[in-house]
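Inspection log for the structure reproduced underneath, given as structure tokens.
Residue numbers (my numbering), protein chains in the order written: chain U, 1 to 350; chain G, 351 to 700; chain W, 701 to 1050; chain P, 1051 to 1400.
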């Protein structure tokens, strides 16, 4: 949910992205990390193969005590200590101590986040593609139609529907290209150990990191515990997406004005007091989401000031903002795809 | 919940405020508005007393079809048209058409919000008071103790624990005073009708407004559909509160450094990799919440650009930000009250 | 200047406010502080009357070495150490050491800022009043004229020009009231000494503070070195002002659309390519300034996290944002007063 | 200047970047655009070669009437109409009407901005490189030295100076790579004509665009009048840079605490009241600049909601924010280069 109020999510939320950000998905990703780590450590000879097998078996069927995790999170500021305690108990002697060996909380949380992002980016890409297709289809049918261009809120000169749609579509192509390009630097593991230098892996840190990356199908990277610019850069890109869609929404709301009537919207929103109205709800919400995301991105940039080897303050600020940015971007793409299907260009006027 | 992830709310959320912001509470507040409106309209002779009685009876026991409300909200951009439709059906002939008479969606939603704020402000005040008491108690016990003052991240001169606590406490007194002062201008009804001029109430708008205000125990105000500065001013005050608590948190985190040891924290957070650590989790989270709220407040100020008589874009942006600001402020006060109980001043050093 | 580019200030700047924020004005205010302090300290018996007289005589004619001040500021992060050095040299033996006695840099800088704010607030008030008068005059002439109200970017119902103007005017009245109310808590001296507890004034700190306040015609307050909420609250109010004017601008830009023609603007902006155009430049700039100020206010709220007894980081962040907020607010008021004179309501349409 | 106060620029400004953003530089870039356009239009046969020669001759020696430009900017919201008027007068008959032919204000302003960015990016790159070298040199000398790592504001485990410097240096390498990569999509001409479809160039628009790009040594792009995501993406990258340097500053301020003493700073800032102090001024200012830029970037993202074919409101908002972002980034790099030279690692402690 984008908001804590289930009802409002019907308007501004995104169930699909919310599901990919759920606690259950995060847990699955964290367990996948611990599983990959144990396997990698066994391959590197840091733990016995029997330990890895025992860990894998337990992780495959692990069901956490969520209540205890919540208490641990409230106490420790991060859920991992409580989770590792539960995992060690579930694995039992003699192998329990071998799970999470050499790793730190941030290794688990950050890698899990990246695994979640790896599932979210394709959703964004598919929605961008779907929107591009819908715009191309609109242009194919109505592209030659005449339309009035407006600059500085005044009529400028006539152009065509195809010109207008090009303006909406071009940024989408840039965003898809950027999403594709960002994968290699963004979708990488986090593995640094307590202070981010892999010293806790008995000299085998780099080999283990390579294996963890391979097992999780992620890229390899030096530890980035306190170097959050790739994440913040990614979030900035997401706000470019919602911003471009906010521009699309603003245009539609202006074009659908009764006095302008350049577009008609099917299924416009009703009013409790004025039966005749057909409100450009989805267009307006795209503007709201663009502005909300712009603000969130500014806040997330504040989290770049990440003191020393791990900042609880900056990291928690990421947790508050980044999921909201993902949900806002998702909702923006979802709604733009609804809106594009509502639009028809008014042929009466040309 | 402050975030869409239940688990994370254990750290940064506020169950009490979340409950006061729940859909159920909003629904109860909206029904209270419609009830008060019907009563006021009957008293003013706009509807028959029998209609008001019928409306009141149904509202007292009304249970909405939430699914249909969600669909209506997604279509109309506001839940009220779907709600009024359900209410009218529940009331039936001949009085169904008399509910919500002359009012617009924004009258319902805004007044309901104000009713919710009227329940939230006392929680904030109580938590501020509790924090003030805890600080006063700390000062009473440890106030005379010597402490090193720091300016620009360097040791300055010695002062006392009482001096330090005064710095934390003084803004809280200002905030309580400001919360008390803001009530009269903030806690007012919204009643304007479709375009905010009360023309829809057949010349009885002002009398009806007075009665609605009286029934709901709120202040009277001219319609403020597109004049959102009192709300944004209130939210700015809330960010002053979380900002002051962020300063408290930043100080504690600095004073609790191993190298500084001016305060000790009981129940510090544990680490998954370093058993010896005692992390100042609550202090750090206060900083995160202050920065998050600062960003949200900047975004909410964007919503002041509220075009014409009602802006769907600006209003939806409020819905995205204001509840988050309330939750963030609540969480900040909750956690500051936890933190103050964890603090002891280190007597070994003086 | 609001921007570093002189040319652009012709559009978005405010020469009057810029002058009140100039280095020369700040210097005069800083010297006024030091003068008042010396007088107060002589009255309290902390320094000899002869010292105060010598200080006053020098301060009355002091002309700083700006180059050396700039170097000092770059080195010390605050201009005061270099300034005090220059002052002491100018005063010479035996009284030189008595200037700035017991005070800290922040006492000077903050009190000087407050003195500058005391000159800026009346400008804002006068501009608000002028705008209110212009709106009232417009309403007197055209108030009865019919106008179409718009909600959610769609035609709603007809109302009147008076209704519309009421919507623009009401927030201005609230802002004037708030500016008047904020004076007593905002326009207060800063006097705390190095660590904000007045210990540096040999037990006479409170008496000296009272006298300094009296000499400077400012209110008295406990030291607020690290308690910046009154300043940030003031800046938030300023963004409410520019936000309300941004709403005015957004309305005018919408109403002046060729397809809507509810208002006509005299002196609209020309285009380099389209001779027929009359662009609503001032209306648009009001929107830009509202959004810029909203962002700045969010950033300034970040500065509430002010670590320990003085934060160079948070304080410098204030210096970067608050003057911009003052200039943006001033420009917004200046331009709104231009715009209101350009507006006429189109009588052809009703 | 980053601020309107010359003095303060000694601390937080950047003279070199300010010079590259000066009105004079913008004018030179605008004239370069008009020159390239005339040449390209002559080559394409849209204007006579004699016209292009006459235009070039005048542009080479043109000195604008700045006062009239300022008046024009205030009236038109953009300086170009007044500038073109001056140019046409200077060129005289019969060729005056041929300057700026087919172009619109935004073509001139945006292309000039890009030309200025093309001079600014190398400065940023050189400063990043210089900082990287200084860090590498520090690591070479002190890298093996032991240092305490800190996580969540608590001592964690010992690591080395080399580990610490790696954390500071790695983002810089990413930023340099990103700056290099962004050139091809950012450093492109703007040429669209009044409504961004090149219809005003008599069918020769694409050929003229290619030639203009070649003459100005910029890339070619479709018109991007209302598609501002490349600019906003660039600004987001700049805030990643200042954010990374803010992290460097925060670390240094923490490490230089008297109680920690992991680094010593030469030339620390003095205090007007406490002679013993050595304040980490540059480190603090890096934090301030990071937070200021983060806020500005959030505001600039608001400008993505760019209505129709040209938004005066959104475009002006860019003018308010982007130069500030450039100056803030420049100042941040300038100061980081000062700070790195002040740092020495304390050998007494290991």
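We treat Cβ as the ideally placed atom computed from N, Cα and C, and that holds for glycine.
Residue 848 of chain W, enclosing beta strand (DSSP E) - first and last residue: Here the question's residue 848 of chain W lines up with position 148 in the third chain. Looking at the DSSP string, the run of the beta strand (DSSP E) that includes residue 848 of chain W is 846-851.
Once you ignore the five residues that flank residue 523 of chain G on each side, which residues in its own chain have a CB closer than 8 Å to its CB? By one-based count along the second chain, residue 523 of chain G stands at place 173. Only 482 meet the Cβ criterion.
Please list, in chain order, the residues of the region 705-723 of chain W that have any C-beta partner in chain P closer than 9 Å. 705, 706, 707, 708, 709, 710, 711, 712, 713, 718, 721, 722 and 723
Determine the DSSP secondary structure at residue 660 of chain G, reduced to helix, strand or coil. Looking up residue 660 of chain G in the second chain gives position 310. Note: residue 660 of chain G maps to strand in three-state DSSP.
Can you name the residues that DSSP bridges to residue 964 of chain W? As a position in the third chain, residue 964 of chain W is number 264, starting the count at 1. Per DSSP, W:1044.
Helix, strand or coil: how does DSSP classify residue 119 of chain U here? As a position in the first chain, residue 119 of chain U is number 119, starting the count at 1. Here residue 119 of chain U sits in helix by DSSP.
Using Cβ-Cβ distances below 8 Å, what residues of the region 1216-1237 of chain P are close to chain U? 1216, 1217, 1220, 1221, 1224, 1225, 1228 and 1235
Identify each residue in the region 1000-1020 of chain W for which the Cβ-Cβ distance to at least one residue of chain P is less than 7 Å, and report them in chain order. 1002, 1012, 1013, 1016, 1017, 1019 and 1020
Please identify, using Cβ separations under 9 Å, the residues of the region 800-833 of chain W that lie next to chain G, in order along the chain. 804 and 806
Partner residues on chain W for residue 244 of chain U, Cβ-Cβ distance less than 7 Å: By one-based count along the first chain, residue 244 of chain U stands at place 244. For residue 244 of chain U, no chain W residue has a C-beta closer than 7 Å to its own C-beta; the minimum C-beta separation is roughly 18 Å.
Residue 721 of chain W in three-state terms, based on DSSP: On the third chain, position 21 is the one that residue 721 of chain W refers to. Reduced to three states, the DSSP call for residue 721 of chain W is coil.
Where residue 162 of chain U meets chain W, residues with beta-carbon distance less than 8 Å: In the first chain, residue 162 of chain U corresponds to position 162, counting from 1. In chain W, no part has a C-beta under 8 Å from the C-beta of residue 162 of chain U; the shortest such distance is about 21 Å.
What residues from chain U crowd round residue 621 of chain G, counting only those whose CB sits closer than 8 Å? The residue given as residue 621 of chain G occupies position 271 in the second chain. By Cβ distance, chain U contributes 76, 81, 104, 105 and 194.
Step through the CB atoms of chain P and report whether any lies within less than 8 Å of the CB of residue 735 of chain W. Your numbering for residue 735 of chain W matches position 35 in the third chain. No, its Cβ sits nowhere closer than 8 Å to a Cβ of chain P.
Which residue comes first and which comes last in the alpha helix (DSSP H) that contains residue 767 of chain W? Walking along the third chain from the start, residue 767 of chain W turns up at place 67. Under the DSSP assignment, residue 767 of chain W falls in the alpha helix (DSSP H) whose first and last residues are 766-776.
So residue 597 of chain G and residue 926 of chain W are in contact, right, with Cβ under 8 Å, and what is the actual spacing, rounded? Locating residue 597 of chain G in the second chain gives position 247, where the first residue counts as 1. Locating residue 926 of chain W in the third chain gives position 226, where the first residue counts as 1. In this structure residue 597 of chain G touches residue 926 of chain W by the C-beta definition: roughly 7 Å separates them, less than 8 Å.
Which residue or residues does DSSP assign as beta-bridge partners of residue 985 of chain W? As a working mapping, residue 985 of chain W is identified with position 285 in the third chain. Residue 985 of chain W is not bridged to any residue.
Please classify residue 61 of chain U as buried or exposed, where buried requires at least 16 neighbouring CB atoms within 10 angstroms. What you label residue 61 of chain U is simply residue 61 of the first chain in a count that begins at 1. By the 10 Å Cβ count, residue 61 of chain U comes out exposed.
Whole angstroms is fine: what's the gap from residue 1050 of chain W's alpha carbon to residue 128 of chain U's? Taking the first residue of the third chain as position 1, residue 1050 of chain W is located at position 350. Taking the first residue of the first chain as position 1, residue 128 of chain U is located at position 128. Only weak support exists for where residue 1050 of chain W lies, its pLDDT of 44 falling under 50; the coordinates are left without a value.
Kindly list, in the order they appear in chain P, the residues whose Cβ is closer than 7 Å to that of residue 610 of chain G. In the second chain, counting from the first residue as 1, residue 610 of chain G sits at position 260. What residue 610 of chain G touches in chain P: 1309.
Does residue 232 of chain U get closer than 8 Å to chain P when you measure Cβ to Cβ? Numbered from 1 along the first chain, position 232 holds the residue referred to as residue 232 of chain U. Yes, residue 232 of chain U counts as interfacial toward chain P.
According to DSSP, what are the bridge partners of residue 159 of chain U? Translated into positions along the first chain, residue 159 of chain U becomes position 159. In the DSSP assignment, residue 159 of chain U is bridged to U:147.
Give the range of the alpha helix (DSSP H) segment to which residue 1282 of chain P is assigned. In the fourth chain, the residue the question calls residue 1282 of chain P occupies position 232. Segment 1279-1305, the alpha helix (DSSP H) holding residue 1282 of chain P.
DSSP-derived helix/strand/coil call for residue 350 of chain U: Taking the first chain and counting its residues from 1, one reaches residue 350 of chain U at position 350. In this predicted model, residue 350 of chain U has a pLDDT of only 44, less than 50, meaning its place in the structure is not dependable; the value taken from the coordinates is given anyway. Coil at residue 350 of chain U, not helix or strand.
Report buried or exposed for residue 1021 of chain W, applying the criterion of at least 16 other Cβ atoms within 10 angstroms of its Cβ. Mapped onto the third chain, residue 1021 of chain W falls at position 321. It is buried - the Cβ of residue 1021 of chain W has at least 16 other Cβ atoms within 10 Å.
Within the same chain, show all residues whose beta-carbon is closer than 6 Å to that of residue 42 of chain U, passing over the 5 residues directly before and after it, in chain order. Against the first chain, residue 42 of chain U aligns to sequence position 42. Answer for residue 42 of chain U: 49 and 52, listed in chain order.
Through-space distance from residue 64 of chain U to residue 82 of chain U, alpha-carbon basis: In the first chain, counting from the first residue as 1, residue 82 of chain U sits at position 82. In the first chain, counting from the first residue as 1, residue 64 of chain U sits at position 64. Residue 64 of chain U has its alpha-carbon roughly 10 Å from the corresponding atom of residue 82 of chain U.
Inspect the beta-carbon positions of residue 963 of chain W and residue 1043 of chain W and report whether they are closer than 8 Å. Here residue 963 of chain W refers to the residue found at position 263 of the third chain. Here residue 1043 of chain W refers to the residue found at position 343 of the third chain. A distance below 8 Å separates the beta carbons of residue 963 of chain W and residue 1043 of chain W.
Cβ neighbours of residue 921 of chain W in the same chain (closer than 6 Å, five flanking residues each side left out): Here the question's residue 921 of chain W lines up with position 221 in the third chain. So the qualifying residues of the chain are 888.
Here's the rule I'm using: 16 or more other beta-carbon atoms within 10 Å means buried, otherwise exposed. How should residue 917 of chain W be labelled? Here the question's residue 917 of chain W lines up with position 217 in the third chain. Counting the other CB atoms within 10 Å of its CB gives residue 917 of chain W a total below 16, which places it among the exposed residues.
Determine whether the beta carbon atoms of residue 1123 of chain P and residue 707 of chain W lie at a separation below 8 Å. Sequence index remark: in the fourth chain, residue 1123 of chain P carries index 73 (1-based). Sequence index remark: in the third chain, residue 707 of chain W carries index 7 (1-based). For residue 1123 of chain P and residue 707 of chain W, yes; Cβs fall inside 8 Å.
Helix, strand or coil for residue 547 of chain G? Go by DSSP, reduced to three states. In the second chain, counting from the first residue as 1, residue 547 of chain G sits at position 197. DSSP places residue 547 of chain G in coil when its eight states are reduced to three.
Can you pull out the residues from the region 403-415 of chain G whose beta carbon lies closer than 8 Å to at least one beta carbon of chain W? Cβ contacts with chain W: none found.
Chain U residues whose Cβ lies nearer than 8 Å to that of residue 629 of chain G: As a first step, residue 629 of chain G is located in the second chain; it is residue number 279 there, counting from the start. 76, 77 and 312, listed in chain order.
Would you call the region 1353-1369 of chain P and the region 1327-1343 of chain P in contact, with 3 or more CB pairs under 8 Å? no
Segment contact flag, the region 602-620 of chain G with the region 953-970 of chain W, C-beta cutoff 8 Å, min 3 pairs: no
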